[in-house]
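*Asks:*
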Amino acid sequence: RHDENDEISARLALDEIQQIRLTQQKAFQSVQIVCLVTDSEGEMFSFGSMTAIGPSSWDSSIETFMPLLIALHKALEPRSDTVDYQEGSGPRTLAGLAAAGSALLMIGGWFFYEFAIVNSEPGGYFLLPVLAAGIWLLSLSFTAASKPYDPGVYRKA
27 RHDENDEISA
37 RLALDEIQQI
47 RLTQQKAFQS
57 VQIVCLVTDS
67 EGEMFSFGSM
77 TAIGPSSWDS
87 SIETFMPLLI
97 ALHKALEPRS
107 DTVDYQEGSG
117 PRTLAGLAAA
127 GSALLMIGGW
137 FFYEFAIVNS
147 EPGGYFLLPV
157 LAAGIWLLSL
167 SFTAASKPYD
177 PGVYRKA
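For the sequence shown, this note's numbering assigns the number 27 to the initial residue and increments by one for each residue that follows.
1) By how many angstroms is the C-alpha of residue 150 removed from the C-alpha of residue 160?
2) Among the residues of its own chain, which have a CB less than 8 Å from the CB of residue 67, if the five just before and after it don't count?
3) So residue 157 packs on residue 138, CB below 8 Å; how close in whole Å?
4) Between residue 143 and residue 155, what straight-line distance do the alpha-carbon atoms span, to the nearest angstrom?
5) Is residue 152 helix, strand or coil by DSSP?
6) In this structure, what does DSSP give as the bridge partners for residue 113?
7) Would you report the Cα separation of residue 98 and residue 130, rounded to the nearest angstrom?
8) So which of 171, 134, 107 has the shortest CA-CA distance to residue 153?
9) What did DSSP end up calling residue 85 once you bin it into helix, strand or coil?
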């Protein structure tokens with residue numbers, strides 16, 4: 027949303043917050059923590075521990091991120107029983123990982139079978155890394171599932 031000065035801003039009533047999700051996301055060569063806040067209508071608002079300052083440049087904003095994250099958790103304390111606190115990847119991300127891993131396994135497995143097994147072509151063995159990548163992506167979709175976290179950790183900070 028843009029305010030009267032055409033700057034990005036967002037306002038969200040605390041009583042409309044349904045979920046807080048903390049995730050790790052790539053910020054070029056670094057990793058940042060992102061807080062995704064979802065309201066009762068399914069709209070998301072996010073803020074992160076790094077700010078993009080260029081196409082491949084990121085600057086740490088931890089000095090504003092942590093106080094905002096702590097204040098948000100403290101403000102939501104009276105509603106802790108109605109807010110869903112999750113950490114980890116969301117269901118769409120996990121479904122994407124599972125789909126990509128399954129596709130690599132099926133396509134790579136079929137070509138490996140055709141070249142290496144049926145036709146006895148040694149070049150078929152070059153598809154083993156594709157199979158390994160498929161297994162890796164598929165395993166990520168199971169191990170990176172989101173889980174609840176204790177919001178009290180951020181209230182005490």
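Backbone N, C-alpha and C fix where the C-beta goes; we use that ideal spot for every residue, glycine too.
*Replies:* Taking the structure as given:
1) 16 Å
2) 42
3) 6 Å
4) 16 Å
5) helix
6) 48, 173
7) 41 Å
8) 134
9) strand
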